[in-house]
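First comes the structure, then the notes that go with it.
2 protein chains.
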Amino acid sequence: MNAREKVSALRKLMKKHKVDAYYVPSADPHMSEYLPECWKHRAWLSGFTGSAGEVVIGMKKAGLWTDGRYFLQGSMELKGSGIDLMRMGEPGTPSKVQWVASQLKKGQSLGVDASVISVTAAREFDAGLAGYGIKVKYFTPNLVGELWDGRPDPVLAPMVNHPVTFCGETVKSKLTKVRAAMKDTGATAHVIAGLDQVAWLLNVRSRDIAFTPVVTAYVVVTSRAATIYVDPRKVNKGITKTLKGKATIKGYDSIWNDLEKLAKAKKTCVWIDESCTNRRVVDTLKGADFHFAPSPITALKAVKNAVQIEGFAEAHRRDGVAMVKFLKWLEKAVPAGGQTEITASDRLAEFRAEGKGFQDLSFSTISGYAANGAIIHYSAVEESCAKLKPQGLYLIDSGGQYPEGTTDITRTVALGQPNRRQIECFTRVLMGTIDCTMIPFPAGTTGQRQEMFARRALWAIGEDYAHGTGHGVGQYLGVHEGPHSLKNIVTPPLVEGNILSVEPGHYEAGKFGIRIEHLAFVVRDEKHCTADKTWYTFHPVTLAPIDTSLVDKKLMTGDQIGWLNSYHKRVFKELSPRLDKAHKSWLKKATKAI
Amino acid sequence: MNAREKVSALRKLMKKHKVDAYYVPSADPHMSEYLPECWKHRAWLSGFTGSAGEVVIGMKKAGLWTDGRYFLQGSMELKGSGIDLMRMGEPGTPSKVQWVASQLKKGQSLGVDASVISVTAAREFDAGLAGYGIKVKYFTPNLVGELWDGRPDPVLAPMVNHPVTFCGETVKSKLTKVRAAMKDTGATAHVIAGLDQVAWLLNVRSRDIAFTPVVTAYVVVTSRAATIYVDPRKVNKGITKTLKGKATIKGYDSIWNDLEKLAKAKKTCVWIDESCTNRRVVDTLKGADFHFAPSPITALKAVKNAVQIEGFAEAHRRDGVAMVKFLKWLEKAVPAGGQTEITASDRLAEFRAEGKGFQDLSFSTISGYAANGAIIHYSAVEESCAKLKPQGLYLIDSGGQYPEGTTDITRTVALGQPNRRQIECFTRVLMGTIDCTMIPFPAGTTGQRQEMFARRALWAIGEDYAHGTGHGVGQYLGVHEGPHSLKNIVTPPLVEGNILSVEPGHYEAGKFGIRIEHLAFVVRDEKHCTADKTWYTFHPVTLAPIDTSLVDKKLMTGDQIGWLNSYHKRVFKELSPRLDKAHKSWLKKATKAI
Chain A
1 MNAREKVSAL
11 RKLMKKHKVD
21 AYYVPSADPH
31 MSEYLPECWK
41 HRAWLSGFTG
51 SAGEVVIGMK
61 KAGLWTDGRY
71 FLQGSMELKG
81 SGIDLMRMGE
91 PGTPSKVQWV
101 ASQLKKGQSL
111 GVDASVISVT
121 AAREFDAGLA
131 GYGIKVKYFT
141 PNLVGELWDG
151 RPDPVLAPMV
161 NHPVTFCGET
171 VKSKLTKVRA
181 AMKDTGATAH
191 VIAGLDQVAW
201 LLNVRSRDIA
211 FTPVVTAYVV
221 VTSRAATIYV
231 DPRKVNKGIT
241 KTLKGKATIK
251 GYDSIWNDLE
261 KLAKAKKTCV
271 WIDESCTNRR
281 VVDTLKGADF
291 HFAPSPITAL
301 KAVKNAVQIE
311 GFAEAHRRDG
321 VAMVKFLKWL
331 EKAVPAGGQT
341 EITASDRLAE
351 FRAEGKGFQD
361 LSFSTISGYA
371 ANGAIIHYSA
381 VEESCAKLKP
391 QGLYLIDSGG
401 QYPEGTTDIT
411 RTVALGQPNR
421 RQIECFTRVL
431 MGTIDCTMIP
441 FPAGTTGQRQ
451 EMFARRALWA
461 IGEDYAHGTG
471 HGVGQYLGVH
481 EGPHSLKNIV
491 TPPLVEGNIL
501 SVEPGHYEAG
511 KFGIRIEHLA
521 FVVRDEKHCT
531 ADKTWYTFHP
541 VTLAPIDTSL
551 VDKKLMTGDQ
561 IGWLNSYHKR
571 VFKELSPRLD
581 KAHKSWLKKA
591 TKAI
Chain B
1 MNAREKVSAL
11 RKLMKKHKVD
21 AYYVPSADPH
31 MSEYLPECWK
41 HRAWLSGFTG
51 SAGEVVIGMK
61 KAGLWTDGRY
71 FLQGSMELKG
81 SGIDLMRMGE
91 PGTPSKVQWV
101 ASQLKKGQSL
111 GVDASVISVT
121 AAREFDAGLA
131 GYGIKVKYFT
141 PNLVGELWDG
151 RPDPVLAPMV
161 NHPVTFCGET
171 VKSKLTKVRA
181 AMKDTGATAH
191 VIAGLDQVAW
201 LLNVRSRDIA
211 FTPVVTAYVV
221 VTSRAATIYV
231 DPRKVNKGIT
241 KTLKGKATIK
251 GYDSIWNDLE
261 KLAKAKKTCV
271 WIDESCTNRR
281 VVDTLKGADF
291 HFAPSPITAL
301 KAVKNAVQIE
311 GFAEAHRRDG
321 VAMVKFLKWL
331 EKAVPAGGQT
341 EITASDRLAE
351 FRAEGKGFQD
361 LSFSTISGYA
371 ANGAIIHYSA
381 VEESCAKLKP
391 QGLYLIDSGG
401 QYPEGTTDIT
411 RTVALGQPNR
421 RQIECFTRVL
431 MGTIDCTMIP
441 FPAGTTGQRQ
451 EMFARRALWA
461 IGEDYAHGTG
471 HGVGQYLGVH
481 EGPHSLKNIV
491 TPPLVEGNIL
501 SVEPGHYEAG
511 KFGIRIEHLA
521 FVVRDEKHCT
531 ADKTWYTFHP
541 VTLAPIDTSL
551 VDKKLMTGDQ
561 IGWLNSYHKR
571 VFKELSPRLD
581 KAHKSWLKKA
591 TKAI
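The listed protein sequences correspond, in order, to chains A and B. All residue numbers for the first sequence refer to our numbering, where the first residue is 1 and numbers rise by one. All residue numbers for the second sequence refer to our numbering, where the first residue is 1 and numbers rise by one.
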């Protein structure tokens, strides 16, 4: 079937289920950032393969909502499908609610698979459409799933233990903390649907989803019990033994019966994290009281303990060795010819794979040469990717998954002689990286304010980057993790033990892109702490040289130059014991003081 | 009567009115920042004269809530009154709601004069006490007013026109804009209780309240009519003629009847700005629909037009002349002896009064020598004020009211040889002033983020100031004006035509205080604007030298030094034509490039 035929078949199913429109999000039942293949319903139906996009099918018209990154790709991939591209953020583009209201009459209804929409998103539909007298019907099964012949089976990688030697805290201790939080709010149960929350709480990992080593499972915690609902084919004797006495293991689909029972129990109050829990959970719990709030796990998980902090440092030493090998290799390989954006990123992946404990990349590598470096979410494609030439800038944003920690690093290097504009912009991005990392900030400071230091040197010349400065990072979990961030949004104040990326950038469309990124821990700035006031600063864990051929030290303050030289000294000190003579000598040169 | 006797008399009245506690805020019916004498009920009752403080009288106990500025003064002034000092912000201090709940039983009630509590504050009482089953009774008359023998009469200064030559916009044009905003929201009437809103809308001013040249009045705007409710003794033929055809003038108390009538009219929807409208207005409008939102006047008023911008510039030239005279005078007067914090601020007021059009100070001058400079809201008192000696730092924060504009300036000067610490801190405060003013920022930036530039140089050494960086300013109106600000609170993005103070500081308790303040307009930064993106920067209007004996240029960047030198050049250029030879030559030296 082509997309047009699929949409037509879906409309027949819609009639059968008595809904006048159907919503097909890009989501799985756990609101995961990266979707397993078997949950890519939207891509299968529409033919649009971008990472962000939601479809609504009406009886006559249909639309796909996506953002500016995908306007070009969307218009190409949707050709002939009968699905209109809805360019989000452009004037005149209706919201999904507005569009549904324009297609449906009062009394008609929108169908939604309750298991792939979050409680928050469902509430927005309900509130938005109520005003038009349009109902939202939440039900399973998924109508697109019904049509999808050859839908891939779920990946059934084994569930394994993430040992305390890596994560630094027992399941027992974590459960005690979660139960204490539940007690404080009067919740008698907590349904945990976010896969990173499940993984953190029970110290389990798997390989169900690319890049993020989570286990597809739900957990229900009560004051006495903890139950993990997971496909039994993922469970072997080892993990059964490890979880014994901590959590009961049940089948993935057994949760629905158990939730119904839970709802019928007396004085039940269920803690639900609305942003990552699907609507079906709440519908199944009908009759129970709810405590809607972010899971207590979110804040607990974001504060790394001493074992994790050392683990991240170790992971970054291995990652740094891979980066040094890669950057040295690139220096020769580009002039030698034959390299492309993809061969380069493949080579880096190979260097990473040589590192002890390397498990996977932590996201799809962004390998952007020259003009492609200016595309913030660029993804090189085999057929069209650029050849690397000994001129212009090259940007590579990549990361690895190690049981000790997750990495995420961006370096931008000059493949030939950079021009003055490139040097000025690179230097100002670097000044942002340094200021954001170096300047102490008092307890209570939010990332929304702190990230201004990363923008200052660029704003000074009327330049800015259209993305946040940084995000939290999980330990051998999602490379993007909340609740804190360095973005212009409301997030909790930064606290000791948070790890964030610091990644300002500068992009000139059609010309070049620059980004410098490291991960850094929020640490106490003992020098400035007083009895009354706690000061923090960032301690970077990422270790890799920054291309000093792109640096104009005349633009920098003495403190900034001092920071760069001392950072480079540390890079050499920490990585050189792991390098052979040739790489050591290359790194010595690359980290020379300016 | 002393405070104890007054409280006892109040309790008798409370019994008569069947309330078990009574709330006495520091407020007038218009939620003014500076209270007219006749509305200082709280000060009369309690004996506490600080600017911030609220009293609740129970049948046995009584409390006064104030903030850290007034803990010492409060504990002294409340002695013997039977009123407990409630130290806000200290652990263990109950909120007013918690305290009332601890004093009253279920079913009992708290009495409040409906005319001196905002709709917002009343809502907080209602919501907070409902949980305890305690009722809030809103009524007039004011029980403290009933007791207050010799309560001053309201000041009855004439209401005068603020001509279009100063304010740049006719009443007709302003009414059209307000009515357009009303139409957009479906409001059929707008009750305007904020005195700055009244003054701006009808281009009227008076001298009812110290520092802020507002008229005590309400305005009601409907699609067809505008009515100002004001004491007839303030109205003369001139203003009657000016307002003819624009607004009807009625007696101040006629509003209550008119609001009752308005509520009875069909399809009435009244726009109420909850933050500055008293509860009595809403109670009197019972039966009407409401549109609760900030008055459209707030945002309109905050964007100054070209006439106002030039007016502010002119007012600041006059103000700058007074500052130059003062600073030169201070240089000789201090070593000559006999000067105090008060004689100095009086002398500055005299210099200001010599300026054309000077009407009043815009707030009570902060004149703080040495350790007193570290008290952020210091107010020198005749008996205890410090003598100025030719050593240490002296901080003076003051402003004037001119029909063309309102000024607010702080300068800190060394009266003798400053030490290294003072120089470093002064330089870093100055770097903050400069960065916050100089660095371009894109449209959409909020003050909450922008003010980070003012803090950066201080944070770099682990120092911070416990106040916002800046506030909006009215034109010949309140020296503090919303909605925008440079503070760590949520306010709308800065837009062209906003005027704000930029006033970072540094305070060392018991030693010295430093603050540098200027007012500056948000202007387009043409150099960096593109077709897609608007950039702003600040253009300072305050003109007075900054003490360069306190500046260590080695700490500053070249751009910062360049800014200071060019600012000083401008100060000399704009002020010198208005100075005699001696002052000109003094200013030449004071503004010499570093």
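Beta carbons are placed, not taken as given, at the ideal position from N, Cα and C, and that holds for glycine. Model, not experiment: these values are computed from the prediction.
Are the C-beta atoms of residue i and some chain B residue less than 7 Å apart?
i, result
"GLY462 of chain A", "yes"
"PRO440 of chain A", "yes"
"TRP563 of chain A", "no"
"ARG87 of chain A", "no"
"ARG317 of chain A", "no"
"ARG449 of chain A", "yes"
"TRP271 of chain A", "no"
"TRP586 of chain A", "no"
"TRP256 of chain A", "no"
"TRP44 of chain A", "no"
"TRP459 of chain A", "yes"
Consider the Cβ of residue i: report whether some Cβ of chain A lies at a distance smaller than 7 Å.
i, result
"MET14 of chain B", "no"
"TRP200 of chain B", "no"
"HIS528 of chain B", "yes"
"MET452 of chain B", "yes"
"TRP535 of chain B", "yes"
Quick one: residues in its chain with C-beta nearer than 7 Å to the C-beta of residue i, no 5 flanking neighbours on either side, listed in chain order?
i, result
"HIS539 of chain A", "ALA520, PHE521, VAL523"
"GLY399 of chain B", "LEU361, SER362, PHE363, THR406, THR407, ASP408, ILE409, VAL479"
"VAL495 of chain A", "VAL303, VAL522"
"MET59 of chain A", "ARG11, ASP20"
Could you give the residue range of the alpha helix (DSSP H) that holds residue i?
i, result
"ALA121 of chain B", "119-130"
"THR343 of chain B", "341-353"
Taking the beta strand (DSSP E) that residue i belongs to, which residues open and close that run?
i, result
"LEU85 of chain B", "84-87"
"ILE409 of chain A", "409-414"
"SER364 of chain B", "That residue, SER364 of chain B, is in no beta strand (DSSP E); it is neither H nor E in DSSP."
"ARG524 of chain A", "518-524"
"SER485 of chain A", "481-486"
"THR537 of chain B", "535-540"
Using a Cβ-Cβ cutoff of less than 6 Å, which residues in the same chain neighbour residue i once the five nearest sequence positions on both sides are dropped?
i, result
"HIS377 of chain B", "ARG69"
"TYR132 of chain B", "ALA101"
Using C-beta distances below 8 Å, list every residue in its chain close to residue i, excluding the 5 sequence neighbours before and after it, in chain order.
i, result
"ARG233 of chain A", "LEU156"
Check the Cβ of residue i against every Cβ in chain C and list those closer than 9 Å, keeping chain order.
i, result
"ASP525 of chain B", "Among the protein chains of the structure shown, namely A and B, there is no chain C."
At what residue ranges does the stretch 273-323 of chain B contain a whole run of the beta strand (DSSP E), taking only runs of 3 or more? 289-292
Within the stretch 145-172 of chain B, ranges of the alpha helix (DSSP H) (whole runs, at least 4 residues): 164-167
Would you be able to state if there are at least three C-beta pairs under 8 Å between the stretch 272-290 of chain B and the stretch 112-121 of chain B? Contact between the stretch 112-121 of chain B and the stretch 272-290 of chain B is present, because at least three Cβ pairs lie under 8 Å.
Length-filtered (3 minimum) beta strand (DSSP E) runs lying within the stretch 180-237 of chain B: 189-192, 217-222, 226-230
At least three beta-carbon pairs within less than 8 Å, the stretch 25-43 of chain A to the stretch 190-202 of chain A: yes
Touching or not, the stretch 434-442 of chain B and the stretch 532-552 of chain B, by the rule of three or more beta carbon pairs under 8 Å? Under the Cβ criterion (8 Å, minimum of three pairs), the stretch 434-442 of chain B counts as touching the stretch 532-552 of chain B.
Whether or not the stretch 253-261 of chain B and the stretch 166-178 of chain B are in contact is what I'm after, with contact meaning three or more pairs of Cβ atoms, one per stretch, closer than 8 Å; do they touch? Output reads no: the stretch 253-261 of chain B does not touch the stretch 166-178 of chain B.
Three or more C-beta pairs closer than 8 Å, one from the stretch 482-497 of chain B and one from the stretch 420-429 of chain B: is that the case here? no
With three or more beta-carbon pairs closer than 8 Å as the criterion, would you say the stretch 502-514 of chain B touches the stretch 445-459 of chain B? The answer is yes - the stretch 445-459 of chain B touches the stretch 502-514 of chain B, with three or more Cβ pairs under 8 Å.
Is the number of C-beta pairs between the stretch 76-85 of chain A and the stretch 45-59 of chain A that are closer than 8 Å three or more? The stretch 76-85 of chain A is in contact with the stretch 45-59 of chain A.
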